Amino acid sequence: MQIINPATEEIISELQETSKDELRRILDSLREGQKAWSQKSTKERLECIIRFGELIQLNVNELAKILTLETGKPLQQSLNEIKGAQNRVQHLRKNAEKWLAPETLVDSGSTHEKIVYEPLGVIANISAWNFPYNVGYNVFLYALVAGNSVLYKPSEFATLTGKQFEKYLWQAGIPENVFQCVVGDGKLGQQILEADLNGYFFTGSHGTGLRIAKTVAHKLVPVQLELGGKDPLYIMDDVSDVKQAAINAAEGAFYNNGQSCCAVERIYVSEKIHDEFVDAFVAEVKSYKIGNPTSLETFVGPLTRKQQIKFLENQVIYALNKGAILLSGGKEIEGKGYYFEPTVLTHCNHEMDLMKEESFGPIIGIQKVSSDKIALELMADTNYGLTAAVFSNDEERALHLLNQLNVGTAYWNCCDRVSPNIPWSGRNNSGVGSTLSTQGIRAFVQPKSYHLRSLPSEN
Ligand code: NDP
Numbered sequence: 479m480q481i482i483n484p485a486t487e488e489i490i491s492e493l494q495e496t497s498k499d500e501l502r503r504i505l506d507s508l509r510e511g512q513k514a515w516s517q518k519s520t521k522e523r524l525e526c527i528i529r530f531g532e533l534i535q536l537n538v539n540e541l542a543k544i545l546t547l548e549t550g551k552p553l554q555q556s557l558n559e560i561k562g563a564q565n566r567v568q569h570l571r572k573n574a575e576k577w578l579a580p581e582t583l584v585d586s587g588s589t590h591e592k593i594v595y596e597p598l599g600v601i602a603n604i605s606a607w608n609f610p611y612n613v614g615y616n617v618f619l620y621a622l623v624a625g626n627s628v629l630y631k632p633s634e635f636a637t638l639t640g641k642q643f644e645k646y647l648w649q650a651g652i653p654e655n656v657f658q659c660v661v662g663d664g665k666l667g668q669q670i671l672e673a674d675l676n677g678y679f680f681t682g683s684h685g686t687g688l689r690i691a692k693t694v695a696h697k698l699v700p701v702q703l704e705l706g707g708k709d710p711l712y713i714m715d716d717v718s719d720v721k722q723a724a725i726n727a728a729e730g731a732f733y734n735n736g737q738s739c740c741a742v743e744r745i746y747v748s749e750k751i752h753d754e755f756v757d758a759f760v761a762e763v764k765s766y767k768i769g770n771p772t773s774l775e776t777f778v779g780p781l782t783r784k785q786q787i788k789f790l791e792n793q794v795i796y797a798l799n800k801g802a803i804l805l806s807g808g809k810e811i812e813g814k815g816y817y818f819e820p821t822v823l824t825h826c827n828h829e830m831d832l833m834k835e836e837s838f839g840p841i842i843g844i845q846k847v848s849s850d851k852i853a854l855e856l857m858a859d860t861n862y863g864l865t866a867a868v869f870s871n872d873e874e875r876a877l878h879l880l881n882q883l884n885v886g887t888a889y890w891n892c893c894d895r896v897s898p899n900i901p902w903s904g905r906n907n908s909g910v911g912s913t914l915s916t917q918g919i920r921a922f923v924q925p926k927s928y929h930l931r932s933l934p935s936e937n
């Protein structure tokens, strides 16, 4: 498999893909390794994860360079991601033993009722390329701490990073027959679905997620899907600092080139402040430094996948045909690399797929609205349900809208944000199940309920 640098289109590495026979051997060894791994205490397993976190920190510059080379993520954002994802390790350090300990619910008289949390076994972690540290950690760290072995299939666009995870997990003391990173594309993913695993944990697009759920349904094992979104942001008329709101909204839309599952994908602005907001928004976007992702000053690098360029161009053309106005960008940047101009369109409406289908790129549609009621209707007009954000000076007014939206995450005066303290989950086409928090670790265990009754003694 060739690994291509999206900034230069040069081949940076060639790797041998995992064959079907090799996959079978790996799965056998993971099954064997899991038995011993699950017998260790949570504390012992946690110690390996903490060591892994330390190794990642020690090697952060080298790892960020690899991430930038294979995905085109600007170097500063690669560093941010690697450092930011460490909060999962710290959160597990603080809580994992408590979350995984047996719980006694009834302990009265002769009857005892308790729950013991047992690992699932060998799980598959099929992952996306856009934030490989964040989305990888959300699954494999929690699964490992809970006593599972993990078959990790990174996206073909983040394979080198996946191999680094493997190297440092092994160095940290996780046995080779407990974590394995396989190399391949969707065809290998398909073989993993056909193999005998105890759970499937997927991060990726709605289309692939749906295919996975259908393919493995007959196995009756846990399937968790973290999928895409079409996340709305509404700027209310009472926002006191419109310029700051525009800066924050632009960052939410364009960070990582818009290739975030929870990127702001569409913006609604009250007509009272619309023009002021748009002016500040466009000025901010035009100030972004575009170019070589290995420069620490760059904010917008190349797209990771070449095929996304055509997709974005089509969204722009279709929106313009339906009456949108282009204020910035709109096309591919000529030359080497998969660059696309940061693009802002106003006068948008829901006849445009730009406002309905996930863009996953540096492109945003803005629509003027005349009331909270209309904004709410538009925000809810989607099959996705990942996040929604409202910017307002009035918490009660913002929550009144957010409470009515069918999303996994609601933001007031912030956006494009994930925290290890609270669950990360999507609804409808954005997926099923939760990662992070207590719920995120319970996803990797199965409860066994004990009803224990002591018999009366003879005398
Ligand atoms: P894809 O759905 O294209 O791929 C995801 C993973 O599935 C990759 O490892 C891919 O392999 C693999 N795959 C592809 N085909 C199959 C198959 N038939 N069977 C099994 N596995 C398969 O998504 P992307 O990698 O492009 O990720 C972008 C998407 O992920 C966006 O929609 C984004 O919103 C979403 N996402 C959601 C997050 C969330 O937390 N909700 C977080 C991050 C991203 P390969 O790439 O090698 O082809």
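Per my numbering, residue 479 is the first one in the sequence shown, and the count goes up by one each step. Note that beta-carbon positions come from the ideal geometry of N, C-alpha and C, so glycine has one too. Values in this document were obtained by computation on a predicted structure and should not be read as measured data.
Inter-residue Cα distance where the pair is residue i and residue j
| i | j | result |
| --- | --- | --- |
| I601 | S908 | 21 Å |
| T546 | G677 | 31 Å |
| L671 | R509 | 16 Å |
| K543 | G682 | 23 Å |
| T916 | K592 | 18 Å |
| F838 | S586 | 55 Å |
| D757 | L804 | 13 Å |
| L774 | N537 | 17 Å |
| Q494 | M479 | 6 Å |
| Y889 | A727 | 12 Å |
| Y620 | W607 | 19 Å |
| V847 | G651 | 56 Å |
| L501 | D719 | 55 Å |
| I534 | Q649 | 11 Å |
| V567 | I528 | 6 Å |
| F643 | K572 | 22 Å |
| I551 | E835 | The residue asked about is misnamed: residue 551 is Lys in this sequence, not Ile. Approximately 23 Å between the Cα atoms of the pair. |
| V661 | P632 | 7 Å |
| Q554 | N612 | 15 Å |
| T776 | H696 | 47 Å |
| S870 | L557 | 31 Å |
| Q737 | S605 | 14 Å |
For residue i, the nearest candidate out of the options (CA to CA)
| i | options | result |
| --- | --- | --- |
| F635 | R571, F869, E487, F618 | E487 |
| G685 | G664, A574, R875 | G664 |
| A579 | H929, V923, S932 | V923 |
| E819 | L798, C826, Y796, L790 | L790 |
| P653 | S849, H878, I504 | I504 |
| I896 | N565, Q737, I528 | Per the sequence shown, the amino acid found at residue 896 is Val instead of Ile. For the residues N565, Q737, I528, the minimum Cα distance to V896 belongs to N565. |
| N799 | L823, I725, E812, F643 | L823 |
| L698 | E704, L675, L688 | L675 |
| T496 | E829, S556, G667 | G667 |
| P700 | H569, G599, L524 | G599 |
| Y928 | G511, S556, V594, G550 | V594 |
| I811 | G769, V763, G662, D753 | G769 |
| T772 | T549, V623, S633, E704 | T549 |
| I489 | L638, S806, N539 | L638 |
| W561 | L541, W577, L570, K576 | According to the sequence provided, residue 561 is Lys. The question's Trp does not apply to it. The option with the nearest alpha carbon to K561 is L541. |
| E431 | E522, S870, H696, G687 | Residue 431 lies beyond the range of the chain shown here (479 to 937); nothing can be said about it. |
| S806 | R689, K764, I482, N906 | K764 |
| K721 | K851, K814, F759 | F759 |
Sub-7 Å separation of residue i and residue j beta-carbons
| i | j | result |
| --- | --- | --- |
| G680 | I713 | Checking the sequence, you will find Phe at residue 680 rather than Gly. The answer is no: Cβ separation not under 7 Å. |
| W902 | L883 | no |
| V747 | L711 | no |
| T860 | K708 | yes |
| F618 | E559 | no |
| G863 | G904 | yes |
| Y816 | P840 | no |
| M498 | Q669 | Going by the sequence as given, residue 498 is Lys instead of Met. Going by C-beta atoms, K498 is nearer than 7 Å to Q669. |
| S932 | S519 | no |
| A574 | Y615 | no |
| S507 | N734 | no |
| G730 | C893 | yes |
| Y766 | V778 | yes |
| Y630 | N603 | yes |
| G911 | Q702 | yes |
| P484 | T887 | no |
| L854 | V868 | no |
| Q793 | L832 | yes |
| C740 | T865 | yes |
| D872 | D716 | yes |
Unbroken stretches of the alpha helix (DSSP H), 4 residues or longer, contained in the segment 742–812: List check, alpha helix (DSSP H) in window: 752–764, 785–799.
Start-end ranges of the beta strand (DSSP E) lying completely within the segment 883–907, minimum 3 residues: Runs of the beta strand (DSSP E) lying entirely within the segment 883–907 and spanning at least 3 residues, in chain order: 887–890.
Unbroken stretches of the alpha helix (DSSP H), 4 residues or longer, contained in the segment 604–648: When DSSP assignments are scanned along the segment 604–648, the uninterrupted stretches of alpha helix (DSSP H) that are 4 or more residues long and fall wholly within it turn out to be 610–623.
Minimum length 3: unbroken beta strand (DSSP E) runs contained in the segment 656–719: Counting only runs of 3 or more, we get 657–659, 677–681, 701–704, 710–713.
Contained beta strand (DSSP E) runs [length at least 3] in the segment 489–525, N- to C-terminal order: The qualifying runs are 489–492.
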